[in-house]
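Visitor:
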Amino acid sequence: MTGPAPAPDPSSGDRGVVVGGLWRVAATLLPMVSALGLSVTVSRVLGPEALGLQSLLSYLQGFVLNVFVLSLTQAGIQLLSSARGRGDEDALHWLRRWSLQVHAVVGLVLAALLLGVGGLREESMLLWAVIAATALVDALSYALTVRVVTYDGWGRVSRRRLVSQGVGPLLGIAAVLGGLGVTGVFVGQAVGSAYLLVALLVLQRRVPRTRGGGPRPAVGPVARLWLGFVVTLVLTQVVERRVELVFLDWLSTQREVGLFSAAFTLVSVAVAATAAVTGAALPAVARSSAAGRDERLQGVLGHALRVLAVGTPVLVAGLLALGPVALLALYGGDFGPSGPLLQGLSLVLVGAPVAGAMAALHLGTGRVGVVVRGGLAAAAVDVGLCLALVPGLDAAGAVVAAVAAQLTYAVALLLPARRQAAVASLRPGLLGRPLLVAVLAGAAAAVPALLLAPWPGLVGGALVFAVVAAVAAVLVRPLRADDARWLSGVLPGPAGRAVVRLGARPGGTDGPDGGRR
């Protein structure tokens, strides 16, 4: 005779989300590490002005690719997947042809546009020809991505894309060291893009052929879906992807572009890590909403928001204490003025993690309009402050614009959900203990960072920061007890067991609902 079934672990359903988030962090950070190495190499070998040029051109290339090509890819995957799910062979056949043709046409138009822009600037046409050719190759790769992902999922494509994104910067580093200058950076990227196109050509041979002879589906819904993705990606590029570089290039100097770019690159690593984890929660939020499990949704989101609120002050303190010395160690003495810029940009972390979590909530529950309106408000703040401040303050004005836009975005997403239980649980009292941990760790790390040479100061400061933060966290216990239990359940192995020690002690520190008295 068997006993009663064990009670389900309330965190067991969240483990997959967090582990998936950790894999997504790795997939996001590995290319960023390569890109950081490229940025450091360009600055060391070619100087701040060259770094500014490389950063600006990379942003422009990424902007047109994401807005006009990635939007097509997202729309194509959604449309083909829906047609396949319905078993509509005629629509599937037409959409496959449409996706390939439009990707190719858009790629050709973008290549011509980039060549035209190059003709109006001072850089060599060879550099712009490489950038234009890469845009065309990337457009064709995304067209094949639609076909492969619709039938085979993201797994095989993601692995090959990760190789391409990691190898491109490494080849760029070799090209810069070989004397090819900024042009060599984009040659390396072009080689990585060509590898991806060949790999996808091999993968798509496994995709079954389709036959269609029926009427062509209506074009209107297809175009509206594409335009929806275009608007969303434009807002993302403005708010989160360094649009400030464009205004610095226009209203300031190439050196200021380089100083801002170096600071932003280091901050973006921390931002990307938190964004990857919160973004991974989107499927779980959507499933809970579709199943009508609002209590479950609020519980998971509340834990995530409170853990982010606890971790953010510590991340900011680390960047404030160690960011300037990290810039000197990695980029060299010419980037000393980037230190204050990085410290200012660290405040982006106050809004970015919360904005990511709230975007996952709104998108997962179908409230796309909230995210779009928040993005529009943040974009208006970013562009307006850049126009007003960059002419007089240079890169410092761009920092103010970036931070203000990110905070605007976070507030715009929080306000519509302020009455929900998860958001209502974010009370000022949550920050007292994490701030104490952050101040102790940051102040201790600043001592070796200020007194020692850059590399010893960075290594010594990082060790001191980690030790002091760990000891202070065990003594202070910044997490609520229920949040610590949840986090210990979703984190794998020793990390899960260790985090239990960060929860508030029983016996009066937590109220009956899990909140501190």
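Numbers 1 to 517, taken from UniProt numbering, label the letters of the sequence shown in order. We put the beta carbon where it would ideally sit given N, CA and C, even for glycine. These numbers were taken from a predicted model, which means no experiment stands behind them.
Is residue 244 buried or exposed, if buried means 16 or more other CB atoms sit within 10 Å of its CB?
Guide: On the sequence shown, residue 244 is found 244 positions in, with the first residue counted as 1. Residue 244 comes out buried.
Visitor: Which residues in the same chain as residue 478 place their Cβ atom closer than 7 Å to its Cβ, once the five residues preceding and following it in sequence are excluded?
Guide: Translated into the one-based positions of the sequence shown, residue 478 becomes position 478. Answer for residue 478: 310, 433, 434, 437 and 502, listed in chain order.
Visitor: Taking all protein chains shown into account, decide if residue 385 is buried (16 or more other Cβ within 10 angstroms of its Cβ) or exposed.
Guide: As a working mapping, residue 385 is identified with position 385 in the sequence shown. Its Cβ being crowded by 16 or more others within 10 Å, residue 385 is buried.
Visitor: If we ignore side chains and look at the alpha-carbon of each, how far apart do residue 112 and residue 120 end up?
Guide: The residue given as residue 112 occupies position 112 in the sequence shown. The residue given as residue 120 occupies position 120 in the sequence shown. Straight-line Cα distance between these residues: approximately 13 Å.
Visitor: In this structure, how does DSSP classify residue 503 when only helix, strand and coil are distinguished?
Guide: In the sequence shown, the residue the question calls residue 503 occupies position 503. Correct three-state label for residue 503: strand.
Visitor: Straight-line CA distance for residue 236 to residue 224?
Guide: By 1-based counting over the sequence shown, the position of residue 236 is 236. By 1-based counting over the sequence shown, the position of residue 224 is 224. The alpha-carbon atoms of residue 236 and residue 224 are separated by roughly 19 Å.
Visitor: Within 8 Å, do at least three Cβ pairs link the segment 331-344 to the segment 462-474?
Guide: no
Visitor: Name, in chain order, the residues that DSSP records as bridge partners for residue 479.
Guide: The residue you call residue 479 lines up with position 479 of the sequence shown. Partner(s): 503.
Visitor: Can you tell me whether DSSP reads residue 252 as helix, strand or coil?
Guide: Along the sequence shown, one-based indexing puts residue 252 at 252. When DSSP states are grouped into helix, strand and coil, residue 252 belongs to the coil group.
Visitor: With DSSP run on the structure shown, which of helix, strand or coil describes residue 154?
Guide: For the purposes of this step, residue 154 is identified with residue 154 of the sequence shown, where counting begins at 1. In the structure shown, residue 154 sits in coil (DSSP, three-state: anything other than H, G, I, E or B).
Visitor: For residue 365, does the three-state DSSP call read helix, strand or coil?
Guide: Indexing the sequence shown from 1 puts residue 365 at position 365. Residue 365: coil per DSSP, three-state reduction.
Visitor: Contact check, residue 48 vs residue 181 under 8 Å by CB: the rounded distance?
Guide: Here residue 48 corresponds to residue number 48 of the sequence shown, with the count starting at 1. Here residue 181 corresponds to residue number 181 of the sequence shown, with the count starting at 1. About 15 Å separates the beta carbons of residue 48 and residue 181, which is beyond the 8 Å limit, so they are not a contact pair.
Visitor: When the Cα of residue 351 is compared with those of 88, 307 and 271, which residue comes out closest?
Guide: What you label residue 351 is simply residue 351 of the sequence shown in a count that begins at 1. The residue with the shortest Cα to Cα distance from residue 351 is 271.
Visitor: For residue 449, which residues of its own chain have a beta-carbon under 8 Å away from its beta-carbon, when the five flanking residues on both sides are left out?
Guide: What you label residue 449 is simply residue 449 of the sequence shown in a count that begins at 1. If we look at residue 449 and ignore the five residues flanking it on each side, its Cβ neighbours are 321, 322, 324, 325, 457, 458, 460 and 461.
Visitor: Kindly indicate which residue of 379, 316, 130 and 100 has the alpha-carbon position closest to the one of residue 204.
Guide: Numbered from 1 along the sequence shown, position 204 holds the residue referred to as residue 204. Among 379, 316, 130 and 100, the Cα nearest to that of residue 204 is on 100.
Visitor: Taking Cβ to Cβ, would you say residue 42 is nearer than 8 Å to residue 167?
Guide: Walking along the sequence shown from the start, residue 42 turns up at place 42. Walking along the sequence shown from the start, residue 167 turns up at place 167. Contact: no.
Visitor: Quick check on residue 172: does DSSP put it in helix, strand or coil?
Guide: The count along the sequence shown starts at 1 and reaches residue 172 at position 172. Three-state DSSP puts residue 172 in a helix.
Visitor: Tell me, please, whether the segment 50-63 touches the segment 346-360 by the rule of three or more beta-carbon pairs shorter than 8 Å.
Guide: no
Visitor: Is residue 368 buried or exposed, if buried means 16 or more other CB atoms sit within 10 Å of its CB?
Guide: Taking the first residue of the sequence shown as position 1, residue 368 is located at position 368. Looking at its Cβ environment, which holds fewer than 16 other Cβ atoms inside 10 Å, residue 368 is exposed.
Visitor: When the Cα of residue 261 is compared with those of 472, 58, 30 and 499, which residue comes out closest?
Guide: For the purposes of this step, residue 261 is taken as the residue at position 261 of the sequence shown. In terms of CA proximity to residue 261, 58 leads the group 472, 58, 30 and 499.
Visitor: With 16 other CB atoms within 10 Å as the buried threshold, where does residue 280 fall?
Guide: Your numbering for residue 280 matches position 280 in the sequence shown. Low confidence applies to residue 280: its pLDDT is 46, below 50, so where it sits in the model is not reliable, and the reading given next is rough at best. Flag for residue 280 reads buried.
Visitor: Under the rule that 16 or more other beta-carbon atoms within 10 Å means buried, what is residue 124, buried or exposed?
Guide: Along the sequence shown, read from residue 1 onward, the residue named residue 124 stands at position 124. By the 10 Å Cβ count, residue 124 comes out exposed.
Visitor: Does the contact criterion of 3 or more C-beta pairs under 8 Å hold for the segment 34-41 versus the segment 157-173?
Guide: yes
Visitor: In angstroms with no decimal places, state the Cα-to-Cα distance between residue 500 and residue 365.
Guide: As a working note, residue 500 is residue 500 in the sequence shown. As a working note, residue 365 is residue 365 in the sequence shown. Each residue's alpha carbon lies about 31 Å from the other.
Visitor: Specify the secondary structure class of residue 228 as computed by DSSP and reduced to three states.
Guide: Here residue 228 is taken as the residue at index 228 of the sequence shown, counted from 1. Correct three-state label for residue 228: helix.
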